[in-house]
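> Input: one structure, supplied below.
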Amino acid sequence: MEDKKEELTQVKIFVVKTTTGQERNVARLIASKVDMAHIPIKSLLVPDTLKGYVFIEADGPHLV
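Written out as structure tokens, the structure is:
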């Protein structure tokens with residue numbers, strides 16, 4: 008049998024605190040800047056149940 012090496016990658020999620028009720032607007036602004044500047048952000052998450060926060064998946068805090 009062949010030995011298979013699994014490459015484990017660590018998911019890095021950062022939290023941005025926003026004004027309550029403005030989470031979607033902040034996420035839209037971040038998304039537009041990511042598109043314009045070609046910043047390697049992997050995903051943005053705005054959960055309806057958690058007010059005042061936007062979650063960003065990126066490789067490091069310098070990208071957020």
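With positions in the sequence shown counted from 1, the corresponding number in this note's numbering is that position plus 7. All residues carry an ideal CB built from backbone N, CA and C; glycine is no exception. Quantities reported herein were computed from a predicted structural model and do not represent experimental measurements.
Counting C-beta neighbours from all protein chains within 10 Å, is the total for residue 20 16 or more, i.e. buried, or is it exposed?
Exposed, because fewer than 16 other Cβ atoms sit within 10 Å of the Cβ of residue 20.
> Determine the burial state of residue 7: buried for a count of at least 16 other Cβ atoms within 10 Å of its Cβ, exposed for fewer.
Nothing can be reported for residue 7: it is not among the residues displayed for the chain, which extend from 8 to 71.
> Tell me where the beta strand (DSSP E) around residue 64 begins and ends.
Run containing residue 64: 60-65, per the beta strand (DSSP E) assignment.
> Pick helix, strand or coil for residue 40, following the three-state DSSP scheme.
Three-state DSSP puts residue 40 in a helix.
> Contact defined as beta carbons within less than 8 Å: I believe residue 23 pairs with residue 33. What is the distance between those atoms, to the nearest angstrom?
Their Cβ separation, rounded to whole angstroms, is 7 Å, which keeps residue 23 and residue 33 in contact under 8 Å.
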